[in-house]
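Report on the following structure.
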Amino acid sequence: MAIQLTHFSAAVVFAFFASIVFGITQKNTKEEMMRYGAVLLCSVVIGIIAAGWAMALLRYLAGR
Amino acid sequence: MAENTQAQTLADTPLSSTAIIAPILGWLIPGAGHFMLKKWIRGALLSISAIAMFSLGLAMEGKIYSPNTGDILDMLGFVGDVGAGGLYILARMMDWGRGAIHLATADYGTKFIIVSGLLNVISAVDAYHIAIGKKQ
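Quick mapping for you: the protein sequence lines, in order, are chains A and B.
Residues in the first sequence are numbered consecutively from 1, following this note's numbering.
Residues in the second sequence are numbered consecutively from 65, following this note's numbering.
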């Protein structure tokens with residue numbers, strides 16, 4: 001049984017687990033870990049959406 | 065000044081058996097290094113993260129690299145995979161992760177498996193830092 005994820009969902013799942021590990025390993029206190037992990041996850045998700053729109057714009061401009 | 069003093073203190077401290085065993089155990093079994101140091105929640109989260117990424121990678125029919133001397137990216141892929149420790153050994157023993165080149169998602173799976181290994185190495189290093197007292 002093969003799981004078929006879209007590029008977006010794969011990137012979000014990837015960011016979720018990476019944020020957990022980086023949050024725990026890069027900070028010292030529980031609060032710092034949670035804040036760092038959340039900021040990292042949000043940054044990556046916003047970056048993915050921004051990159052997606054940038055590529056859509058490039059595609060639109062190339063098609064004109 | 066305070067950092068220099070702390071670094072000096074750490075350098076003077078003899079390496080304990082915990083500081084050697086924790087990272088090795090953490091590499092072999094994801095999260096086990098933290099469990100050994102009684103960091104239960106951190107260990108569980110790290111364990112779930114590494115195992116979930118590795119399993120998702122396999123479920124997406126990602127490729128498990130074997131030792132090779134071919135392309136540089138293949139060699140680096142092997143280095144990343146080995147970071148998963150016991151999961152990598154199990155996958156090789158069970159002959160999982162043969163890779164499906166006809167599926168686009170299989171390539172994502174391959175990257176998931178490699179990153180799972182790299183994150184596991186970071187976790188093992190974190191266990192070492194806790195064991196030597198550099199981190200709480």
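C-beta: ideal position from N, C-alpha, C; glycine also.
The region 187-197 of chain B contacting the region 161-168 of chain B, beta-carbon criterion three pairs below 8 Å: no
Three-state class that DSSP yields for A/Arg-64 in the structure shown: Reading the first sequence from its first residue, position 64 is the one you call residue 64 of chain A. Correct three-state label for A/Arg-64: coil.
Proximity winner among B/Ile-177, B/Gly-95 and B/Ala-148, relative to B/Glu-219 (alpha-carbon distances): Because residue 219 of chain B is not part of the residues shown, which for chain B are 65 to 200, the question remains open.
Starting from A/His-7, trace the alpha helix (DSSP H) in both directions and tell me its first and last residue. The residue labelled residue 7 of chain A in the question sits at position 7 within the first sequence. Segment 7-26, the alpha helix (DSSP H) holding A/His-7.
Would you say A/Phe-17 reaches chain B, if we count a Cβ-Cβ gap shorter than 8 Å as a contact? Taking the first sequence and counting its residues from 1, one reaches residue 17 of chain A at position 17. So, interface residue.
Tell whether a beta-carbon distance below 8 Å holds between B/Tyr-208 and B/Gly-181. This structure does not reach residue 208 of chain B, given that chain B is present from 65 up to 200, and the question cannot be answered.
Which parts of the region 74-142 of chain B are runs of the alpha helix (DSSP H), unbroken and 4 residues or longer, counting only runs that do not cross its ends? 81-92, 96-100 and 104-123
Looking at B/Thr-169: is its Cβ nearer than 8 Å to the Cβ of A/Leu-5? Along the second sequence, read from residue 1 onward, the residue named residue 169 of chain B stands at position 105. Along the first sequence, read from residue 1 onward, the residue named residue 5 of chain A stands at position 5. Yes; because the gap between Cβ atoms is below 8 Å, this pair is in contact.
Need the endpoints of the alpha helix (DSSP H) that B/Leu-167 sits in, please. Numbered from 1 along the second sequence, position 103 holds the residue referred to as residue 167 of chain B. Counting along the chain, B/Leu-167 sits inside no alpha helix (DSSP H), nor does DSSP assign it H or E at all.
Among A/Ala-11, A/Ile-3, A/Lys-30 and A/Tyr-60, whose alpha-carbon lies nearest the alpha-carbon of A/Cys-42? One-based indexing of the first sequence puts residue 42 of chain A at position 42. Taking each of A/Ala-11, A/Ile-3, A/Lys-30 and A/Tyr-60 in turn and checking the Cα distance to A/Cys-42, the smallest one comes out for A/Ala-11.
Taking B/Asn-184 and B/Gly-149 to be in contact with their CB atoms under 8 Å, please state how far apart those CB atoms are, rounded to whole angstroms. Here residue 184 of chain B corresponds to residue number 120 of the second sequence, with the count starting at 1. Here residue 149 of chain B corresponds to residue number 85 of the second sequence, with the count starting at 1. Contact check for B/Asn-184 and B/Gly-149: beta-carbon distance about 6 Å, within the 8 Å limit, so the pair qualifies.
Name the chain B residues that come within less than 7 Å of A/Leu-5, Cβ to Cβ? Locating residue 5 of chain A in the first sequence gives position 5, where the first residue counts as 1. Met-124, Thr-169 and Tyr-172, listed in chain order.
CB contact flag (A/Gly-52, A/Tyr-36, <8 Å): As a position in the first sequence, residue 52 of chain A is number 52, starting the count at 1. As a position in the first sequence, residue 36 of chain A is number 36, starting the count at 1. No. Outside cutoff.
Classify B/Asp-159 as buried or exposed, calling it buried when 16 or more other Cβ atoms lie within 10 Å of its own Cβ. Counting from one through the second sequence, the residue named residue 159 of chain B turns up at place 95. Around the beta-carbon of B/Asp-159, fewer than 16 other beta-carbon atoms lie within 10 Å, marking it exposed.
Quick one: measure Cβ to Cβ for B/Val-179 and A/Ala-18, integer angstroms, because I've assumed they're closer than 8 Å. Position 115 of the second sequence, counted from the start, is the residue given in the question as residue 179 of chain B. Position 18 of the first sequence, counted from the start, is the residue given in the question as residue 18 of chain A. With a Cβ gap of about 7 Å, B/Val-179 and A/Ala-18 count as contacting.
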